[in-house]
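One structure is given below, encoded as structure tokens.
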Amino acid sequence: LALAVHVTLFSHTVATLGETLALAWGEEARCVTLEPVSFIDELDAYARETPRLAILGDAVAQAIAACPSSCELRVANLPPCALPADLRHHYATWVAPAAPVGVVAAGYASILAAITNDKSRAYASLCGSCSLRSSCRGVAAEYLAAFGDVALPARSDV
Numbered sequence: 024l025a026l027a028v029h030v031t032l033f034s035h036t037v038a039t040l041g042e043t044l045a046l047a048w049g050e051e052a053r054c055v056t057l058e059p060v061s062f063i064d065e066l067d068a069y070a071r072e073t074p075r076l077a078i079l080g081d082a083v084a085q086a087i088a089a090c091p092s093s094c095e096l097r098v099a100n101l102p103p104c105a106l107p108a109d110l111r112h113h114y115a116t117w118v119a120p121a122a123p124v125g126v127v128a129a130g131y132a133s134i135l136a137a138i139t140n141d142k143s144r145a146y147a148s149l150c151g152s153c154s155l156r157s158s159c160r161g162v163a164a165e166y167l168a169a170f171g172d173v174a175l176p177a178r179s180d181v
């Protein structure tokens, strides 16, 4: 039996992501999926609980660097611009996370449906000139509604 871990990232949990992952890896997790919190009923609550993309990008970059080779690290619902250019090759595994082979988890199909729902994705106006646009799924429409364009990572290399 393989252990798969799904970590939902909230504003208040990003700071402890390293400890959370160390615990998962200590239990020999074969797959870890990181995902920002999904839309919460009220935009005010969403804005309080959702980590900004720039902060998430830094946390995910640290997770990628620390991930043991025996574990697959997946990231859902982040645009490639959230990571530094030298780590964007990990984006290929972000687009459609799937349950590890042999792992059956109650409700996992509904989680995957929500993660891969492109209808809830949107692009900011500044995304139009981005060189990564053709391979990007965008960001959660709720994220743009809550934070606007200014909350997207400022990258000079896109």
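Residues 24 to 181 in our numbering are what the sequence shown spells out, letter by letter. Here a beta-carbon is modelled for each residue, glycine too, at the ideal position from N, C-alpha and C.
Asked, Found
"Using three-state DSSP, classify T31 as helix, strand or coil.", "strand"
"Which residues does DSSP list as the beta-bridge partners of E165?", "Paired residue(s): none; E165 is not in a bridge."
"Looking only at DSSP bridge pairs, what is P59 linked to?", "L32"
"Output yes or no for whether 8 Å exceeds the beta carbon distance between V37 and I78.", "yes"
"Kindly provide the ranges of any alpha helix (DSSP H) runs that are 4 or more residues long and lie completely inside the segment 48 to 115, ordered along the chain.", "66 to 72 and 76 to 89"
"Taking C-alpha atoms, which residue in E50, L32 and C104 lies nearest to A25?", "E50"
"Buried or exposed, going by whether 16 or more other CB atoms sit within 10 Å of the CB of G41?", "exposed"
"Given a cut-off of 8 Å, decide if C104 and L175 are closer than it, judged by their beta-carbon atoms.", "yes"
"Are the beta-carbon atoms of R53 and A89 separated by less than 8 Å?", "no"
"With a CB to CB cut of under 7 Å and the five nearest residues on each side skipped, what residues in its chain are close to A163?", "F62, N100, S143 and R144"
"Which of helix, strand or coil does DSSP assign to A147?", "coil"
"Starting from the C-beta of A86, find all residues in its chain whose C-beta is less than 7 Å away, skip the five residues before and the five after it, and write them out in chain order.", "L40, L44, L57 and L96"
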